[in-house]
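Below: one structure, written as structure tokens.
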Amino acid sequence: MKFDNDSSRRNFIKTGSKAALAAGLSVSALSSFAKNTKQHIYNFETDNTPYIQTPLPYDYKALEPSIDAATMEIHYTKHAAAYAKNLAEACAAENVNTQTTLLETVLASISKYSAKMRNNGGGHYNHELYWKIMSPQSSASLPTGKLNDMIIRDFNTVEAFKTQFADAGKNRFGSGWAWLVYTNDKKLVIGSSPNQDNPLMDVSELKGFPVIGLDVWEHAYYLKYQNKRPDYITAWWNVVNWNYIQQRFEANI
Numbered sequence: 091m092k093f094d095n096d097s098s099r100r101n102f103i104k105t106g107s108k109a110a111l112a113a114g115l116s117v118s119a120l121s122s123f124a125k126n127t128k129q130h131i132y133n134f135e136t137d138n139t140p141y142i143q144t145p146l147p148y149d150y151k152a153l154e155p156s157i158d159a160a161t162m163e164i165h166y167t168k169h170a171a172a173y174a175k176n177l178a179e180a181c182a183a184e185n186v187n188t189q190t191t192l193l194e195t196v197l198a199s200i201s202k203y204s205a206k207m208r209n210n211g212g213g214h215y216n217h218e219l220y221w222k223i224m225s226p227q228s229s230a231s232l233p234t235g236k237l238n239d240m241i242i243r244d245f246n247t248v249e250a251f252k253t254q255f256a257d258a259g260k261n262r263f264g265s266g267w268a269w270l271v272y273t274n275d276k277k278l279v280i281g282s283s284p285n286q287d288n289p290l291m292d293v294s295e296l297k298g299f300p301v302i303g304l305d306v307w308e309h310a311y312y313l314k315y316q317n318k319r320p321d322y323i324t325a326w327w328n329v330v331n332w333n334y335i336q337q338r339f340e341a342n343i
């Protein structure tokens, strides 16, 4: 993530302070986060998902023509923002200390919490990952390194992997997500989940570390692609940020 200038960083700190406090984060912690994101620094081993909505690392129009600006703005400012807001409310109501409890930990025992926590905790985590695994400057059209090696090991070819992943997204009935997951037995598997569930949840049939998550809710594509979800998925490959995905993968496997 990055900020274009110091003014935008200061504005983020100012406007984000109220949300941060609602989520149990101090203004000083928020300032530290903004400082690190300005420099586009990721510590893939320790950076866990914050409870607040973080800034997009690009403009709404940056992913065009694959994803149009209107869809990105509505998706980020309405849908994803609502998940973050509702998550903060759920944490307050259910006594989750967001300064000491990781969101990933909450998701791992989500069966102990309310439907509001499940829907909004999952929705917030999923979207925070989704923004990062896309980039307007896709430096590589294919995975590389250890991730590439494991994709070939588990799916035979990269093209076979992409076909199977696309099928998971196309065939998810209703709203949900398609996933590439690294399982506890050290394999890559593809699957999907309904609504805002994800593979971190103890209630999910698909379990493991989420390597890639693709949003196949209609709000992610309908303005541009209408009912043509397969066309959205095909175009989405053009903005996949393989560099980010690989670094995060190698730090967590």
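Every position in the sequence shown, counted from 1, becomes a number in the numbering used here once 90 is added.
For each residue, glycine too, the CB sits at the ideal point set by N, CA and C.
- Contact check for Gly266 and Pro284: beta-carbon distance about 5 Å, within the 8 Å limit, so the pair qualifies.
- Put simply, of Thr144, Tyr141, Trp327, Thr190 the residue whose alpha carbon is nearest the alpha carbon of Gly259 is Trp327.
- Here Asp287 is buried. Its C-beta has 16 or more other C-beta atoms within 10 Å.
- The straight-line gap separating the alpha-carbon atoms of Gln189 and Val293 is approximately 25 Å.
- Here Val271 is actually not in contact with Phe251; their C-beta atoms are around 12 Å apart, not less than 8 Å.
- A straight-line Cα-Cα distance of about 12 Å links Val329 and Lys151.
- The C-alpha of Tyr173 is placed about 21 Å away from the C-alpha of Ile157.
- Cα atoms of Tyr203 and Trp332: separation of roughly 34 Å, rounded to the nearest angstrom.
- Within 10 angstroms of the beta-carbon of Gly264 lie fewer than 16 other beta-carbons, which makes it exposed.
- Residue pairing by DSSP places Gly303 opposite Trp269 in a beta bridge.
- Residue nearest to Leu278 within the set Tyr166, Ile241, Glu163 is Ile241 (criterion: CA-CA distance).
- Per DSSP, Ile280 is one residue of the beta strand (DSSP E) stretching across 278-284.
- For Met162, the enclosing alpha helix (DSSP H) begins and ends at 159-164.
- Every alpha helix (DSSP H) of 4 residues or more that sits fully in the stretch 176-209 is shown, in chain order, as 193-198.
- Membership of Leu313 in the alpha helix (DSSP H) is indicated by the continuous run 312-315.
- Note on geometry: alpha-carbon atoms of Ile142 and Ala178 lie some 8 Å from one another.
- Annotation: Phe245 to Gln254 spans about 9 Å, alpha carbon to alpha carbon.
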